[in-house]
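A.B. asks: Numbering (my numbering), first residue to last: 26 to 179.
C-beta: ideal position from N, C-alpha, C; glycine also.
This is the structure I want to talk about, given as structure tokens.
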């Protein structure tokens, strides 16, 4: 299991300080990824995952050979809003692709919701967009651990 730090629009020094404190195996970058940061993370043998919004020009233009994986997210990352994933058939990647949100749920046929402010969570309770719900996070982690243990046992 990889320990992964997730950043959105943070500066390079903040990311490097956080990685020093946590000693994570990977970082997931939403927003700009400088060559300098990528190089410094590589020196530390930290895997780099670049998040790409399927609705952005960056989705088509990003050189995925510079990272270890890409995370493909929706038009409005973190919103839980549905959208078309047809762009995935128009773009090939040379590194592993991680599906986020709506796509991940469809691909995995997951029986639990993402621990974010997604559509199903809004139906149950009032949430603040982008703020994680502790109860749903705990449920998500417990479900993921259970699925992992079931897979290992079989």
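Using the rule of at least 16 other Cβ atoms within 10 Å of the residue's Cβ for burial, across every protein chain shown, is residue 166 buried or exposed?
C.D. replies: By one-based count along the chain shown, residue 166 stands at place 141. Classification for residue 166: exposed.
A.B. asks: Grab me the residues of residue 120's own chain with a C-beta within less than 8 Å of its C-beta, minus the 5 sequence neighbours each way, in chain order.
C.D. replies: Looking up residue 120 in the chain shown gives position 95. So the qualifying residues of the chain are 89, 90, 92, 93, 94, 95.
A.B. asks: Cutting at 8 Å between CB atoms, please list the residues of its own chain near residue 28, excluding the five before and the five after it.
C.D. replies: As a working note, residue 28 is residue 3 in the chain shown. Here the set comprises 47, 48, 49, 50, 51.
A.B. asks: Taking the C-alpha atoms as reference points, what is the distance between residue 118 and residue 97?
C.D. replies: What you label residue 118 is simply residue 93 of the chain shown in a count that begins at 1. What you label residue 97 is simply residue 72 of the chain shown in a count that begins at 1. When rounded, the distance between both Cα atoms is 11 Å.
A.B. asks: Going by DSSP in three states, residue 74 sits in which element: helix, strand or coil?
C.D. replies: On the chain shown, position 49 is the one that residue 74 refers to. Residue 74 falls in the strand class under three-state DSSP.
A.B. asks: Please classify residue 34: is it buried, with 16 or more other beta-carbons within 10 angstroms of its beta-carbon, or exposed?
C.D. replies: By 1-based counting over the chain shown, the position of residue 34 is 9. Residue 34 is exposed by the Cβ-count criterion.
A.B. asks: How about residue 68 and residue 37: are their beta carbons less than 8 Å apart?
C.D. replies: As a working mapping, residue 68 is identified with position 43 in the chain shown. As a working mapping, residue 37 is identified with position 12 in the chain shown. The answer is no: Cβ separation not under 8 Å.
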